[in-house]
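Below is one structure, written out as structure tokens, with a few remarks after it.
Residue numbers (our numbering), protein chains in the order written: chain B, 188 to 918; chain H, 20 to 273.
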């Protein structure tokens with residue numbers, strides 16, 4: 188039996204209340220006060236692999252000057268080999284490649300209204316529907332879709348079915364604010380997902396049982412990353428004109444436009460097109476929310492026409508692609524079906540030119556806990572000197588189906604997939620995964636997969652994973668795999684230690700049966716994140732690697748460290764509260780902490796949405812009050828500054844004797860406009876003693892009396908200062 | 020019980036401290052509260068409590084009017100009858116001690132120790148949160164019309180945890196319960212350790228299938244009489260746990 192059961196036994200006397208449902212969403216709120224700020228962030232990975240050093244670094248900087256935003260971001264990489272000791276091939280080339288690229292160099296500001304952006308310069312247009320994202324130099328006009336509350340209205344699947352051993356209350360909250368509450372009875376509980384449709388996303392669904400125990404119900408992730416359901420009548424568009432990387436080593440003129448509109452709350456339509464001197468593309472998609480457990484569906488169609496091809500290219504010049512996905516079910520039983528079919532050159536081609544060749548990872552494998560410089564993508568090294576080609580192997584058809592079922596802590600997933608590509612043989616695979624819990628905290632999983640690639644013989648993979656906690660913050664993981672007849676395995680021990688807010692330590696040790704071993708340590712401290720790894724392998728030898736990430740923001744004559752600067756930046760100043768924790772409504776835990784001088788930067792606040800920031804005075808002397816309104820909103824590409832002043836108040840408790848006629852009744856002391864109830868011990872409390880007058884009226888249902896407060900000097904540091912005012916005289 | 024407490028409190032103020040203030044039942048609430056409590060307990064180290072901790076409170080969103088909440092800390096101990104005793108204390112203070120909670124509003128109360136508490140043994144306190152209805156302004160100015168209402172009251176345990184659990188198998192049986200008017204067939208169980216323990220269940224060694232859940236909390240240093248269920252005959256096994264360990268204590272019943 189662990190600590191929770193003891194804690195449960197202590198929590199005897201919670202008061203449960205009536206059921207209530209959120210009536211409204213947070214409305215539009217005024218912006219925080221704007222300010223001029225600048226930022227700089229860095230993200231670097233370096234290593235020595237095969238005796239050769241590699242470095243990859245990305246740098247991002249920008250200014251927020253009123254309504255004007257200027258950003259520049261790029262990366263520089265020297266790479267030696269296709270590294271990655273686990274999962275990647277051993278270096279075959281001794282060539283060192285230096286790559287650099289400016290990804291963003293753009294000026295932005297709002298035009299016409301607060302939600303319309305004009306961008307001048309270089310930007311990466313995001314993927315939309317069947318159109319891939321593309322880099323464009325030129326002009327862009329972007330309008331963001333916003334519902335009545337100034338927020339994107341995205342579909343989020345939260346169907347809840349669970350077994351409740353006791354009665355209790357199910358609640359959905361975003362940070363501290365509760366948006367939905369429902370009393371539940373013991374037994375199987377199934378809650379219709381539609382109740383969440385009107386609630387803001389990003390919250391936690393939890394159940395507090397009558398014995399005080401609290402559990403969090405995980406929301407199943409689903410199509411939500413791709414499925415956009417807009418509120419009815421709301422829309423967005425993104426129009427760009429300029430040049431884009433073309434097929435023939437030169438920039439091609441390009442025009443690109445995408446749009447999306449919410450027709451009803453269950454149906455959203457999207458579409459767009461792109462035209463360059465090399466090709467044109469069109470896209471149309473529809474997203475639908477089906478009733479009940481029928482889930483969500485999305486279907487799209489796209490067309491591509493090559494207008495200009497390189498010499499030697501003999502593939503199809505045009506084609507159509509169609510795609511549909513349906514996800515359905517509940518937490519216990521459901522499935523996902525994806526069907527794609529391309530006719531001709533259906534899939535938009537991926538163009539890779541030599542000078543845009545993606546650098547190799549310096550020493551990067553996310554499974555080590557070390558990730559490369561985030562803005563510097565890594566992947567297969569393109570051969571220098573080769574001509575630009577349509578590099579991807581377009582899919583001719585794809586059918587992917589998965590079914591899952593979960594009961595009594597055991598889950599089963601069955602997958603089947605058939606892929607047919609233009610250039611490679613078809614792939615057929617069937618797999619299943621069975622997993623569950625063991626003795627409450629340990630987990631196990633078995634997976635089996637059979638696949639057949641073209642004319643090759645069928646291949647069978649089998650794997651077993653067992654994971655168990657070793658103490659409070661250490662986890663051990665053992666896995667054994669047999670892939671196509673070859674058996675391998677590894678043992679991992681990983682742990683995390685949170686020393687305090689902004690001060691974390693993570694480590695991972697891994698040993699594989701083929702002799703490879705790695706040790707990784709990651710440390711976050713005051714906005715700087717540093718990692719180090721040592722990897723030893725029989726073929727690759729000894730490799731060392733490191734990462735360094737962080738950022739700083741300049742404003743108000745100060746430099747404030749921040750882990751990751753965001754598009755909108757908010758500088759918070761509270762000189763009287765050094766090291767105080769800062770909370771916001773989108774996080775359960777403290778968002779950040781003020782530094783020694785009382786400064787902090789809040790980045791990545793959800794734009795346009797009302798945000799409530801709260802600075803905790805828990806570490807300040809008792810009676811320290813924070814002045815200032817911290818409710819507001821931010822807009823993309825702007826800087827803000829809030830100054831919080833503090834003052835000190837001194838509470839006082841007054842004991843007195845209530846006349847016999849008033850005893851047993853609810854009595855109140857009238858202190859200005861805030862009456863103070865007389866408590867069970869015959870006292871009332873005044874938070875700020877300066878508000879106390881020499882004579883106080885006590886009122887109850889059938890009378891009043893007058894109390895004379897004696898003048899008593901107090902010591903400022905007395906936490907519980909009280910005086911005895913004697914008898915209250917009936918009027 | 021609360022009435023008795025009132026009577027005691029209504030003595031002169033200095034006399035209040037150190038006086039037994041009453042016993043709060045651990046069972047059903049008196050009335051429904053308009054406030055939601057995110058944390059059902061406060062478990063802290065002496066060092067954390069010296070710096071102060073925030074106890075969050077949320078007003079229910081269907082609450083029609085703001086309410087006043089009195090929040091005060093008391094020392095918590097137990098009687099052998101397993102009754103909770105709350106005694107005024109100067110070890111811990113709260114700020115503010117009176118809070119106006121609006122519908123849906125997030126607020127918090129600061130809990131802080133006023134003296135250094137040693138970390139060799141656990142210290143027990145409870146926050147007593149008592150809800151008062153709002154006083155209508157008109158009533159103050161014209162004719163007072165405040166009604167008598169029941170006041171929702173919640174107590175939240177504060178456990179100031181020691182640096183480590185000192186003793187293994189901290190439960191001792193100090194003998195069968197005695198005394199006039201007491202139920203027979205009880206065991207007096209004494210927690211000799213420095214952390215709280217929970218007696219989970221009693222089982223008969225004669226018939227292992229007979230296992231009766233108990234769920235009695237015994238604070239460090241306290242002695243509690245646990246009645247022996249009729250279903251338990253012969254030797255008895257007491258299954259209990261501390262925060263870190265679970266134990267079984269065998270006892271021959273004569």
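C-beta atoms are modelled at their ideal positions from N, C-alpha and C, and glycine is treated no differently.
- For residue 719/B, the CB contacts under 6 Å within the same chain, skipping 5 residues up- and downstream, are 708, 733 in chain order.
- Nearest neighbour of residue 253/B by Cα position, chosen from 622/B, 910/B, 825/B, 847/B, turns out to be 825/B.
- Chain B places a beta carbon closer than 7 Å to that of residue 70/H, counting this residue as a contact.
- The DSSP assignment places complete beta strand (DSSP E) segments of no fewer than 3 residues inside the stretch 737-773 of chain B at 745-749, 756-760, 768-771, in order along the chain.
- Contact between residue 593/B and residue 519/B is confirmed by a C-beta separation of about 5 Å, below the 8 Å threshold.
- Membership of residue 720/B in the beta strand (DSSP E) is indicated by the continuous run 715-724.
- At a cut-off of 7 Å between beta carbons, residue 872/B contacts chain H.
- Ranked by how close their Cα comes to the Cα of residue 440/B, the residues 427/B, 892/B, 818/B have 427/B in first place.
- Taking 7 Å as the cut-off, the beta carbon of residue 608/B is found no closer than this to the beta carbon of residue 618/B.
- Selection 493/B, 508/B, 510/B, 315/B evaluated against residue 443/B yields 315/B as nearest (Cα-Cα).
- Sorting 600/B, 814/B, 755/B by C-alpha distance to the C-alpha of residue 522/B places 600/B at the top.
- The shortest CA-to-CA distance from residue 264/B to any of 248/B, 257/B, 231/B is the one to 231/B.
- In the DSSP assignment, residue 221/B falls outside any beta strand (DSSP E) and carries neither an H nor an E.
- Apart from sequence neighbours up to five positions away, the residues of its chain that approach residue 451/B with a beta-carbon distance below 8 Å are 419, ordered along the chain.
- By the neighbour-count criterion, in which a residue is buried when 16 or more other Cβ atoms sit within 10 angstroms of its Cβ, residue 781/B is buried.
- Interface flag for residue 117/H against chain B is set, since a Cβ pair is found closer than 7 Å.
- Taking C-beta atoms under 8 Å as the contact rule, residue 859/B and residue 878/B qualify, at a distance of about 6 Å.
- 461/B is the residue among 461/B, 417/B, 655/B whose C-alpha sits nearest the C-alpha of residue 431/B.
- Look at residue 70/H here: in three-state DSSP terms it is helix.
- Residue 676/B is bridged by DSSP to 667/B.
- Residue state for residue 865/B is assigned as coil, using DSSP reduced to three classes.
- For the options 614/B, 261/B, 633/B, 648/B, the alpha carbon positioned closest to that of residue 641/B is the one of 614/B.
- Rounded to the nearest whole angstrom, the CA to CA distance from residue 668/B to residue 656/B is 21 Å.
- Judged by beta-carbon spacing, residue 312/B lies beyond the 7 Å limit of residue 827/B, meaning their Cβ atoms are not closer than that value.
- For a cut-off of 8 Å, the C-beta gap from residue 871/B to residue 224/B is around 47 Å, too long to register as a contact.
- Its Cα nearest to that of residue 151/H, the residue 86/H stands out among 182/H, 143/H, 247/H, 86/H.
- Taking a contact as a CB-CB distance under 8 Å, the pair residue 843/B and residue 810/B does not count as one, their CB atoms being some 23 Å apart.
- Taking the CA atoms as reference points, residue 260/H sits about 5 Å from residue 217/H.
- In this structure, DSSP gives residue 697/B an extended state, which the three-state scheme calls strand.
- The Cβ of residue 129/H sits closer than 7 Å to at least one Cβ of chain B.
- At a cut-off of 7 Å between beta carbons, residue 722/B makes no contact with chain H.
- Between residue 318/B and residue 468/B the beta-carbon gap is near 6 Å, inside 8 Å, which marks them as a contact.
- The C-beta of residue 863/B comes closer than 7 Å to at least one C-beta of chain H.
- Cβ neighbours of residue 660/B within its own chain (closer than 7 Å, five residues either side excluded): 682, 683, 684.
- By the criterion of a C-beta distance shorter than 7 Å, residue 464/B is surrounded in its chain by 433, 439, 440, 494, 495, once the five residues flanking it on both sides are discounted.
- Against residue 89/H, the close residues of chain B are 864, 866, 872, in the order they occur along the chain (beta-carbon pairs closer than 8 Å).
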